[in-house]
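Peer 1: Residue numbers (this note's numbering): 49 to 604.
(1) Keeping to the same chain, check which residues put their C-beta closer than 8 Å to that of residue 586; ignore five residues upstream and five downstream.
(2) So for residue 464, helix, strand or coil by DSSP?
(3) Three-state secondary structure (DSSP) at residue 382?
(4) Smallest Cα separation from residue 402: which of 234, 525, 225, 539?
(5) Where residue 52 and residue 506 are concerned, what is the direct C-alpha to C-alpha distance, given to the nearest angstrom?
(6) Using the three-state DSSP reduction, which class does residue 253 fall into: helix, strand or coil?
(7) Looking only at C-alpha atoms, which of 193, 576, 346 sits nearest to residue 458?
(8) Out of 579, 93, 600, which one is the CA nearest neighbour of residue 404?
(9) Per DSSP, which residues does residue 183 bridge with? Please list them.
(10) If you measure between the beta carbons of residue 194 and residue 179, is that distance less than 7 Å?
(11) Could you check which residue in 528, 475, 536 has the C-alpha nearest to that of residue 553?
(12) Could you spell out the range, first to last residue, of the beta strand (DSSP E) harbouring residue 526?
(13) With residue 96 as the anchor, note down where its beta strand (DSSP E) starts and where it stops.
(14) From residue 64 to residue 123, what does the alpha carbon distance come to, in whole angstroms?
(15) Less than 7 Å between C-beta atoms, sequence neighbours within five positions excluded: which residues of the same chain meet that for residue 510?
(16) Suppose you measure from the CA of residue 236 to the CA of residue 320; what does that come to, to the nearest Å?
(17) Report the partner residues of residue 513 according to the DSSP bridge assignment.
(18) For residue 487, name the three-state secondary structure that DSSP assigns.
(19) Please report the residue range of the beta strand (DSSP E) in which residue 65 lies.
(20) Who pairs with residue 403 in a beta bridge, going by DSSP?
(21) Helix, strand or coil, according to DSSP, for residue 208 in the structure here?
(22) Counting only the same chain and skipping the five closest in sequence on each side, list residues whose C-beta sits under 7 Å from that of residue 184.
(23) Which residues in the same chain as residue 127 place their Cβ atom closer than 7 Å to its Cβ, once the five residues preceding and following it in sequence are excluded?
(24) Would you mind stating whether residue 437 and residue 496 have Cβ atoms separated by less than 7 Å?
(25) Is it the case that the stretch 463 to 471 contacts the stretch 482 to 502, given that we only count it when at least three CB pairs across the two stretches are under 8 Å?
(26) DSSP on residue 347, reduced to helix/strand/coil?
(27) For the beta strand (DSSP E) containing residue 39, name the first residue and the last one.
(28) Take residue 6 and list the residues in its own chain whose beta-carbon comes closer than 6 Å to its own, dropping the five residues that flank it on each side.
(29) Output the boundary residues of the beta strand (DSSP E) element that contains residue 559.
(30) Return the first residue and the last residue of the alpha helix (DSSP H) that residue 591 is part of.
(31) Could you spell out the range, first to last residue, of the alpha helix (DSSP H) harbouring residue 114?
(32) Should residue 87 go down as buried or exposed, given a rule of 16 or more other Cβ atoms within 10 Å for buried?
(33) Let's test the definition: count the other Cβ atoms within 10 Å of the Cβ of residue 515 and tell me whether it reaches 16, buried, or not, exposed.
(34) So, helix, strand or coil for residue 505, using DSSP?
(35) Nearest-angstrom Cα distance between residue 309 and residue 181?
(36) So what does residue 566 bridge to, in DSSP terms?
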């Protein structure tokens with residue numbers, strides 16, 4: 049009988065695996081123990097061996113594709129055997145043949161169709177709340193510059209709209225009379241909801257609103273409370289830009305502080321075209337420069353302003369900034385299994401564990417001297433101890449004296465670990481791995497140094513085994529080699545604490561009443577307040593500091 053092989057759980061945080069490569073193809077003979085595939089988990093790429101003898105009848109995914117834990121990975125059985133029944137029995141319907149269609153349930157009574165509203169004969173336009181920023185969901189009417197019954201032209205300032213980013217001018221997109229506004233000043237309107245209706249004075253705007261509510265328009269706005277309006281006066285004929293007498297251009301309007309009155313869109317268009325906004329006559333309200341003014345402006349036709357003899361030089365800036373042209377671009381990359389797990393675990397830790405932080409400055413003069421002496425002694429054995437190795441050893445020794453820090457939150461209980469397994473964060477191309485130094489308090493500095501180097505190489509080459517990354521009770525993250533003096537780290541579950549280690553820096557210090565050069569290092573302990581209180585974390589750091597400032601004590 050064919051045997052279904054499912055995606056195994058290869059790490060404690062694994063939820064799915066990616067097929068890095070198949071070592072057998074469909075139709076190949078497979079023996080139990082043969083290498084079947086290489087599977088990329090969130091921690092490493094691992095070999096997967098067959099658990100059955102027979103012929104490979106089916107594979108659940110091609111190379112590069114992802115399969116969830118416990119989903120069908122492969123089927124092995126006798127050549128020619130019907131493997132579909134085995135897959136169906138496993139409950140994975142994706143690979144199973146299509147089942148016979150089940151009797152369909154009685155069809156529900158069709159909902160009554162919305163009554164179509166004919167708006168083709170209504171000479172008016174519905175203006176909806178525009179999307180003025182990428183995060184905008186609604187806009188608040190800061191001020192209306194036109195009222196119901198007013199004549200308005202395309203490009204005229206209609207309203208000021210407050211978004212989640214700024215208060216922006218909104219210009220009319222059509223000519224006509226304002227027949228309806230969707231909200232009073234100070235009220236919010238959702239993006240896509242009716243902002244105003246502009247058209248002929250006697251146009252039936254109520255039918256347009258009904259059509260909008262019935263879903264005949266592209267947008268489906270909420271039902272705004274109409275603003276009661278006085279009967280609209282007879283519409284004055286809209287004046288098109290072409291009919292404006294060219295011989296009488298409007299004066300450029302300026303505010304009391306000398307700034308030219310212009311809409312943001314007009315300013316942007318003028319800048320893109322290389323026009324000086326102050327040279328463009330405005331035809332909007334109060335001489336305001338609007339979109340159509342920029343579109344119709346011809347620099348050569350602008351009247352020359354001859355300066356009288358002896359007049360002071362122009363106020364134009366001496367330096368004009370060039371127009372910089374660029375192209376926005378980006379690329380998107382598929383998220384790796386490792387990055388998915390980092391995102392899930394660390395966001396879960398940050399938003400679940402109440403973090404607090406304790407920072408301490410440590411005198412590293414004696415550590416520097418001790419390391420130099422230790423490495424001279426180990427030189428004939430080809431070994432070299434790093435500052436991080438000494439930090440690991442000191443942290444392990446401090447944890448032995450403060451077991452309340454070597455703990456983890458278990459919902460109904462707090463687990464106080466009697467063993468000390470220190471996780472060491474290692475940066476790899478795709479993210480971060482945390483190999484574990486087990487029983488770190490019982491190991492010598494040379495032992496810790498050799499083990500850290502070996503585990504780091506395995507982490508970078510993605511050859512770590514589960515036993516090498518599981519079981520940490522405390523974690524250390526060191527960015528000192530990058531020149532980072534101080535940072536805070538996110539707790540690595542299930543630990544209650546993580547220690548962030550900064551760079552050793554040279555700075556003047558006071559010793560025996562004298563200012564002398566010294567070497568200092570800052571560490572920051574991130575604590576889960578459910579497990580560790582401030583006093584507990586502080587006492588741990590005091591012990592850790594004392595051990596590093598007298599490193600002979602960690603060698604005992």
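Where a beta carbon is used, it is the ideal one built from N, C-alpha and C, also for glycine. This structure is a prediction, so every number in the text was calculated from the model and none was measured.
Peer 2: From the atom records:
(1) The residue you call residue 586 lines up with position 538 of the chain shown. Closer than 8 Å at Cβ, skipping near neighbours: 406.
(2) Locating residue 464 in the chain shown gives position 416, where the first residue counts as 1. Correct three-state label for residue 464: strand.
(3) The residue you call residue 382 lines up with position 334 of the chain shown. In the displayed model, residue 382 falls within coil according to three-state DSSP, outside both helix and strand.
(4) Mapped onto the chain shown, residue 402 falls at position 354. Looking at the Cα atoms, 539 is the closest of the given residues.
(5) Counting from 1 along the chain shown, the entry for residue 52 is found at position 4. Counting from 1 along the chain shown, the entry for residue 506 is found at position 458. Distance between the alpha carbons of residue 52 and residue 506 is about 32 Å.
(6) By one-based count along the chain shown, residue 253 stands at place 205. Three-state result, residue 253: helix.
(7) Stepping through the chain shown from its first residue, residue 458 is reached at position 410. Between residue 458 and the set 193, 576, 346, the nearest pair of CA atoms involves 576.
(8) Here residue 404 refers to the residue found at position 356 when the chain shown is read from its first residue. The candidate whose alpha carbon is nearest that of residue 404 is 579.
(9) The count along the chain shown starts at 1 and reaches residue 183 at position 135. According to the DSSP secondary-structure assignment, residue 183 is paired through a beta bridge with no residue.
(10) For this step, residue 194 is matched to residue 146 along the chain shown. For this step, residue 179 is matched to residue 131 along the chain shown. Residue 194 is not a Cβ neighbour of residue 179, given a cutoff of 7 Å.
(11) Numbered from its first residue, the chain shown carries residue 553 at position 505. Taking only the C-alpha atoms, the option nearest residue 553 is 528.
(12) Reading the chain shown from its first residue, position 478 is the one you call residue 526. 522 to 526 is the span of the beta strand (DSSP E), which, as asked, contains residue 526.
(13) The residue labelled residue 96 in the question sits at position 48 within the chain shown. Run containing residue 96: 93 to 97, per the beta strand (DSSP E) assignment.
(14) Here residue 64 refers to the residue found at position 16 of the chain shown. Here residue 123 refers to the residue found at position 75 of the chain shown. Residue 64 and residue 123 have their alpha carbons spaced roughly 18 Å apart.
(15) The count along the chain shown starts at 1 and reaches residue 510 at position 462. Within the same chain, Cβ atoms closer than 7 Å to the Cβ of residue 510 are found at 92, 93, the five residues on either side in sequence being excluded.
(16) Counting from one through the chain shown, the residue named residue 236 turns up at place 188. Counting from one through the chain shown, the residue named residue 320 turns up at place 272. Approximately 32 Å between the Cα atoms of the pair.
(17) One-based indexing of the chain shown puts residue 513 at position 465. Answer is none; residue 513 lacks a bridge partner.
(18) Your numbering for residue 487 matches position 439 in the chain shown. Of the three classes helix, strand and coil, the one that applies to residue 487 here is coil, per DSSP.
(19) Sequence index remark: in the chain shown, residue 65 carries index 17 (1-based). Boundaries of the beta strand (DSSP E) harbouring residue 65: 64 to 70, taken from the DSSP string.
(20) For this step, residue 403 is matched to residue 355 along the chain shown. DSSP output for residue 403 lists 576 as bridge partner(s).
(21) Here residue 208 is taken as the residue at index 160 of the chain shown, counted from 1. In the three-state DSSP reduction, residue 208 falls in the strand class (E or B).
(22) Position 136 of the chain shown, counting from 1, holds the residue named residue 184. Answer for residue 184: 211, 212, 239, listed in chain order.
(23) Start at 1 with the first residue of the chain shown, and residue 127 comes out as number 79. For residue 127, where only same-chain residues beyond five positions count, the Cβ hits under 7 Å are 103.
(24) Position 389 of the chain shown, counted from the first residue, corresponds to residue 437. Position 448 of the chain shown, counted from the first residue, corresponds to residue 496. Going by beta carbons, residue 437 and residue 496 fall inside the 7 Å limit.
(25) Short answer: they touch.
(26) Within the chain shown, residue 347 is the residue found at index 299, counting from 1. Reduced to three states, the DSSP call for residue 347 is helix.
(27) The requested residue 39 does not occur in the structure, where the chain is confined to residues 49 to 604.
(28) Examination of residue 6 is not possible in this model, given that the chain is present from 49 through 604 alone.
(29) Stepping through the chain shown from its first residue, residue 559 is reached at position 511. Start and end: 545 to 559.
(30) Translated into the one-based positions of the chain shown, residue 591 becomes position 543. Start and end: 582 to 597.
(31) Position 66 of the chain shown, counted from the start, is the residue given in the question as residue 114. Where residue 114 is concerned, there is no enclosing alpha helix (DSSP H), although the beta strand (DSSP E) it sits in stretches over 114 to 116.
(32) Counted from its first residue, the chain shown places residue 87 at position 39. Residue 87 counts as buried, since at least 16 other C-beta atoms from the protein chains shown sit within 10 angstroms of its C-beta.
(33) Your numbering for residue 515 matches position 467 in the chain shown. Burial call: exposed.
(34) Residue numbering aside, residue 505 sits at position 457 when the chain shown is read from its first letter. Note: residue 505 maps to helix in three-state DSSP.
(35) If you number the chain shown from 1, residue 309 lands on position 261. If you number the chain shown from 1, residue 181 lands on position 133. If I take the Cα positions, the gap works out to 23 Å.
(36) Along the chain shown, read from residue 1 onward, the residue named residue 566 stands at position 518. Looking at the DSSP assignment, residue 566 forms a beta bridge with 555.
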